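One structure below.
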Amino acid sequence: MRGKCKKFKGAMLLDAYILLFLRDEPNHGYNLVQKLNDCGFQINEPTIVYRQLKQLENMNYIYSKIFPSEEGPPKKVFYITKLGILYLEEISNLIKERINILNKFINEYERSGKNENSNSVN
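Positions 1256 to 1377 (the working numbering) are the ones given, in order, by the sequence shown.
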């Protein structure tokens, strides 16, 4: 079974959310950190997100433009590329495969829990 499912890494979920947010609208790092926290991530150190943004940019999944700001330093706004949209689709498919595997486990677990002839040893 292992050969059928591409390896899904936890960082891919972070990538997926960043790309999903950028597909909806261009954004800057601070807003992305807030959105990730709103989704349940616990981003205590924003440099994690900025590092991931830099990696995604190096891989040509996103690009950035710098805009002057009336308040504070210039803002770096990130945009998704066509390649980034393809990568987002690939991650989405991997997540769906992983959900199917997890659902099969839950179903099997619940089915086997109803079996009174347990093989457990006391």
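Using N, Cα and C, we set each Cβ at its ideal position, and we do this for glycine too. Computed from a predicted model, the values in this text were never measured in an experiment.
Inset, instruction - Tell me whether the beta-carbon of K1330 lies closer than 8 Å to the beta-carbon of F1322. - result: For the purposes of this step, residue 1330 is taken as residue 75 along the sequence shown, with counting starting at 1. For the purposes of this step, residue 1322 is taken as residue 67 along the sequence shown, with counting starting at 1. Yes, they are a contact pair.
Inset, instruction - Please list, in chain order, all residues of the same chain as S1283 whose beta carbon is under 8 Å from its beta carbon, the five residues on each side excluded. - result: The sequence position of residue 1283 within the sequence shown is 28, counting from 1. It is worth fixing the name first, because residue 1283 is His in this sequence and not Ser. Same-chain partners within the cutoff: K1330, K1331, V1332, F1333.
Inset, instruction - Quick one: using the 10 Å Cβ neighbour count with 16 as the cut-off for buried, is L1338 buried or exposed? - result: Residue numbering aside, residue 1338 sits at position 83 when the sequence shown is read from its first letter. That one is exposed.
Legend entry - Identified DSSP bridge partners for K1331: Working through the sequence shown from its first residue, we reach residue 1331 at position 76. The partner list for K1331 (beta bridge, DSSP) reads I1321.
Legend entry - From E1352, I1356, M1314, residue whose alpha carbon lies closest to that of T1336: Counting from one through the sequence shown, the residue named residue 1336 turns up at place 81. Cα-wise, what sits closest to T1336 is M1314.
Legend entry - CB of A1266 within 8 Å of CB of I1350, strictly: Your numbering for residue 1266 matches position 11 in the sequence shown. Your numbering for residue 1350 matches position 95 in the sequence shown. Against a cut-off of 8 Å, the Cβ pair of I1350 and A1266 comes out as no contact.
Legend entry - Beta bridge counterpart(s) of N1282 as assigned by DSSP: Position 27 of the sequence shown, counted from the first residue, corresponds to residue 1282. F1333.
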